[in-house]
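Colleague: Please see the structure below; I have some questions.
Residue numbers (this note's numbering), protein chains in the order written: chain A, 342 to 649; chain B, 220 to 482.
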């Protein structure tokens, strides 16, 4: 049998396979380039970039939990201009669509950073991180406040012609409301899920494990939560979805595809084993062969929910 | 870059002191490339619920083998203590920028607190001429490998807080005593690894004595590759203040460039 067709057109981004990396877990490209052939990835989603440099949070910034980890890095990044100067030329050496994760603390910040990338041919698409507080609106998170959520997507949509993915927070009562709102506001695709809000305490010192007190939980511990939300979102919208949250094995990635995701992102597992992303690609291909499927598209959204 | 993933085979994993274990691997790739002060990132075998690798300073690296000293204190190291010879362990390394080669025009002074002795061993083993090791800990059980330095011809001076071994007091006390006696005749170059309080004290000495001190820092880290930004340290290098990844640009920094957190 011929090799299955792994290619995915993700909202206009041509991926050679459905596997990418989750923002913040893979740096900006050079970090893992000596261990992994970046040409093999379906795309790279780089660490979140803001208009101005951001120093991030005090240490400790991470804490390991059973089958997971919490982080409060605080979106440390060198700023959009430094990213463009330092990392885009590096990434241009690879046959690799570059998706830039962007964020801001005000709508104007989001607009500004989106506009900067408009003139950069090396950027295949943008991923909007809406899980940060809006400092002008009393600290409400863009990602969990429906009005702010709609406003920030609409504003960025007007500033970019690139494929625009919106990364959804799992911390909402009904993911379909946010999925549909994003679609109506002009998103070309959705990424989900972002980390789950979490906290841990050192009982000996009675101090929080993270200097920021609270952080985001990731890793295999959150995978079933993510599968459920991807399934719900996929049924609610007609735009493609990148499923992520706790992928460690090919089966974890396949669950997202069967639940309706067009692509998947490997995140925290890269810290456990840097080659995970390659093993996921190989595992998906092996699965398609074993199930006599000609393409990844044939598998997408094929969950069987009828009588057993 | 030298970093690689290697399937290392355990040669031995045995108690070293009442609290510490010696874990020795056959790891020809990483062993050959390992430099003093570098570390390896150890994936806990068969325990995928323990997601993050554990970073350990390289103790010895010779003839294709590599060893680390570790204390069984948490989820990861408790599992490590159960590993046995012949088992495979996935290592990522060698990682980080370690200690420079000691300046032969200066007196090489190694300053170790507890576990820090292991991290300084390769510096001693590869130094052109023996220097002095000042090592300290809470008690005798924290003095890990003094005999290994003595075997290399190094002058080993010990201090313990409970007086159970060497001078009663802090390692910086015996360092200060040496400086008072010899500081005028020979310029020291310090190499330090140990708890944060000790490292700050050594950096303070370097400032007072106007000498170079190489400080090996330890922050919680996830990736070890400079990607996750968990382990950043504020530094001032070439007049620019910025955050550097301890895993990639460190763990060793020159004392003058470290901007210490207030505490």
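All residues carry an ideal CB built from backbone N, CA and C; glycine is no exception. Bear in mind the structure is a predicted one, so any value in this text is a computation, not a measurement.
State the DSSP-derived secondary structure class of residue 262/B, mapped to helix, strand or coil.
Modeller: In the second chain, counting from the first residue as 1, residue 262/B sits at position 43. Residue state, collapsed to three classes: coil.
Colleague: Taking Cβ to Cβ, would you say residue 561/A is nearer than 9 Å to residue 535/A?
Modeller: As a position in the first chain, residue 561/A is number 220, starting the count at 1. As a position in the first chain, residue 535/A is number 194, starting the count at 1. No, they are not a contact pair.
Colleague: What does DSSP give as the partner residue(s) for residue 356/B in the beta ladder?
Modeller: For the purposes of this step, residue 356/B is taken as residue 137 along the second chain, with counting starting at 1. The partner list for residue 356/B (beta bridge, DSSP) reads 379/B.
Colleague: How would you call residue 362/B, buried or exposed, if buried means at least 16 neighbouring beta carbons within 10 angstroms?
Modeller: Counting from 1 along the second chain, the entry for residue 362/B is found at position 143. With 16 or more Cβ atoms within 10 Å of its Cβ, residue 362/B is classed as buried.
Colleague: If you measure beta-carbon to beta-carbon, which residues of the segment 396 to 417 of chain A are closer than 8 Å to chain B?
Modeller: Of all residues in the segment 396 to 417 of chain A, 396, 397, 399, 400, 401, 402, 403, 404, 405, 407, 408, 409, 410, 412, 414, 417 have a Cβ within less than 8 Å of some Cβ in chain B.
Colleague: Determine the burial state of residue 387/B: buried for a count of at least 16 other Cβ atoms within 10 Å of its Cβ, exposed for fewer.
Modeller: Counting from one through the second chain, the residue named residue 387/B turns up at place 168. Exposed is the call here.
Colleague: Could you name the residues of the same chain whose beta carbon sits closer than 6 Å to that of residue 463/B, not counting the 5 residues immediately before and after it, in chain order?
Modeller: Here residue 463/B refers to the residue found at position 244 when the second chain is read from its first residue. Once the five neighbours on either side are set aside, the close Cβ partners of residue 463/B are 452, 454.
Colleague: Over the uninterrupted beta strand (DSSP E) stretch that includes residue 508/A, give me the two end residues.
Modeller: Counted from its first residue, the first chain places residue 508/A at position 167. Element bounds for residue 508/A: 505 to 508.
Colleague: Contact check, residue 391/A vs residue 421/A under 8 Å by CB: the rounded distance?
Modeller: Mapped onto the first chain, residue 391/A falls at position 50. Mapped onto the first chain, residue 421/A falls at position 80. Confirmed, Cβ separation roughly 7 Å.
Colleague: Give the C-beta separation of residue 253/B and residue 313/B to the nearest angstrom, bearing in mind that I take them to be a contact with Cβ-Cβ under 8 Å.
Modeller: One-based indexing of the second chain puts residue 253/B at position 34. One-based indexing of the second chain puts residue 313/B at position 94. Right, the Cβ-Cβ distance comes to about 4 Å (below 8 Å), so this counts as a contact.
Colleague: In the DSSP assignment, what are the bridge partners of residue 463/B?
Modeller: Within the second chain, numbered from 1, the residue matching residue 463/B stands at position 244. Paired residues: 452/B.
Colleague: Helix, strand or coil for residue 267/B per DSSP?
Modeller: Against the second chain, residue 267/B aligns to sequence position 48. It is coil, neither helix nor strand.
Colleague: For the pair the segment 530 to 550 of chain A and the segment 574 to 587 of chain A, tell me if three or more CB-CB distances fall below 8 Å.
Modeller: Contact holds: three or more Cβ-Cβ distances are below 8 Å.
Colleague: Within 10 angstroms of its Cβ, does residue 372/B collect 16 or more other Cβ (buried), or is it exposed?
Modeller: Counting from one through the second chain, the residue named residue 372/B turns up at place 153. By the 10 Å Cβ count, residue 372/B comes out exposed.
Colleague: Enumerate, from N- to C-terminal direction, the unbroken beta strand (DSSP E) stretches of 3 or more residues contained entirely within the segment 543 to 626 of chain A.
Modeller: Listed in chain order, they are 555 to 559, 582 to 585, 604 to 607.
Colleague: Which runs of the alpha helix (DSSP H) fall wholly inside the segment 395 to 478 of chain A and span at least 4 residues, in chain order?
Modeller: Within the segment 395 to 478 of chain A, the complete alpha helix (DSSP H) runs of at least 4 residues are 421 to 427, 429 to 432, 448 to 459.
Colleague: How far does the beta strand (DSSP E) with residue 435/B in it reach, from first residue to last?
Modeller: In the second chain, counting from the first residue as 1, residue 435/B sits at position 216. 431 to 435 is the extent of the beta strand (DSSP E) around residue 435/B.
Colleague: Quick one: list the residues of chain A neighbouring residue 334/B, beta-carbon separation under 8 Å, in chain order.
Modeller: Taking the second chain and counting its residues from 1, one reaches residue 334/B at position 115. Within chain A, no residue comes near residue 334/B; the closest Cβ sits about 19 Å away, beyond 8 Å.
Colleague: If we count the other Cβ atoms within 10 Å of its Cβ and call it buried at 16 or more, is residue 554/A buried or exposed?
Modeller: Your numbering for residue 554/A matches position 213 in the first chain. So residue 554/A ends up on the exposed side.
Colleague: In the DSSP assignment, the beta strand (DSSP E) including residue 316/B goes from what residue to what residue?
Modeller: Within the second chain, residue 316/B is the residue found at index 97, counting from 1. Note, residue 316/B: premise wrong, no beta strand (DSSP E); not H, not E.
Colleague: Tell me, please, whether the CB atom of residue 564/A is closer than 9 Å to any CB atom in chain B?
Modeller: By 1-based counting over the first chain, the position of residue 564/A is 223. False, the Cβ-Cβ gap to chain B never drops below 9 Å.
Colleague: Note down, in chain order, each residue of its chain lying with its Cβ closer than 8 Å to the Cβ of residue 522/A, except the 5 sequence neighbours on either side.
Modeller: Locating residue 522/A in the first chain gives position 181, where the first residue counts as 1. Cβ within range, chain order: 487, 490, 491, 494.
Colleague: Can you list, in chain order, the residues of the segment 246 to 274 of chain B whose Cβ is nearer than 8 Å to any Cβ on chain A?
Modeller: Result list: 262, 267, 268, 269, 270, 271, 272.
Colleague: Compare the Cα-Cα distances from residue 405/A to each of 250/B, 310/B, 442/B and report the closest residue.
Modeller: One-based indexing of the first chain puts residue 405/A at position 64. When only C-alpha atoms are compared, the closest one is 442/B.
Colleague: Could you say if the segment 221 to 230 of chain B and the segment 601 to 608 of chain A meet the contact criterion of at least three C-beta pairs nearer than 8 Å?
Modeller: Too few Cβ pairs lie closer than 8 Å, so no.
Colleague: Is residue 347/A closer than 9 Å to residue 383/A when the C-beta atoms are compared?
Modeller: Residue numbering aside, residue 383/A sits at position 42 when the first chain is read from its first letter. Residue numbering aside, residue 347/A sits at position 6 when the first chain is read from its first letter. Result yes, Cβ atoms of residue 383/A and residue 347/A sit closer than 9 Å.
Colleague: Assign residue 499/A to one of three DSSP states: helix, strand, or coil.
Modeller: What you label residue 499/A is simply residue 158 of the first chain in a count that begins at 1. If DSSP states are grouped into helix, strand and coil, residue 499/A belongs with the helices.
Colleague: Have a look at residue 280/B and residue 260/B and give me their C-alpha separation to the nearest angstrom.
Modeller: As a working note, residue 280/B is residue 61 in the second chain. As a working note, residue 260/B is residue 41 in the second chain. Looking at the two C-alpha atoms, the distance is approximately 15 Å.
Colleague: Run through the DSSP bridge pairs and tell me what residue 290/B is partnered with.
Modeller: Working through the second chain from its first residue, we reach residue 290/B at position 71. According to DSSP, which records beta bridges pairwise, residue 290/B is partnered with 239/B.
Colleague: Measure the alpha-carbon distance for residue 243/B versus residue 641/A and round it to whole angstroms.
Modeller: As a first step, residue 243/B must be located in the second chain, where it is residue number 24. As a first step, residue 641/A must be located in the first chain, where it is residue number 300. Cα to Cα, residue 243/B sits roughly 47 Å from residue 641/A.
Colleague: Which chain A residues are close to residue 340/B, counting only those with a beta carbon under 7 Å from its beta carbon?
Modeller: In the second chain, counting from the first residue as 1, residue 340/B sits at position 121. Going along chain A, no residue has its Cβ under 7 Å from residue 340/B, so there is no contact; the nearest lies around 27 Å.
Colleague: Let me know the secondary structure DSSP gives residue 518/A once reduced to three states.
Modeller: As a first step, residue 518/A is located in the first chain; it is residue number 177 there, counting from the start. Note: residue 518/A maps to helix in three-state DSSP.
Colleague: When the Cβ atoms of the segment 408 to 424 of chain B are set against those of the segment 326 to 342 of chain B, are three or more pairs found closer than 8 Å?
Modeller: Touching, yes.
Colleague: Whose C-beta lies closer than 8 Å to the C-beta of residue 174/B among residues of the same chain, with five residues either side of it excluded?
Modeller: Only positions 220 to 482 of chain B appear in the structure, and residue 174/B is not among them; the question remains open.
Colleague: Count Cβ pairs between the segment 608 to 620 of chain A and the segment 263 to 272 of chain B that sit closer than 8 Å; are there 3 or more?
Modeller: Enough Cβ pairs lie closer than 8 Å, so yes.
Colleague: So what does DSSP say about residue 538/A, is it helix, strand or coil?
Modeller: Locating residue 538/A in the first chain gives position 197, where the first residue counts as 1. Three-state DSSP puts residue 538/A in a strand.
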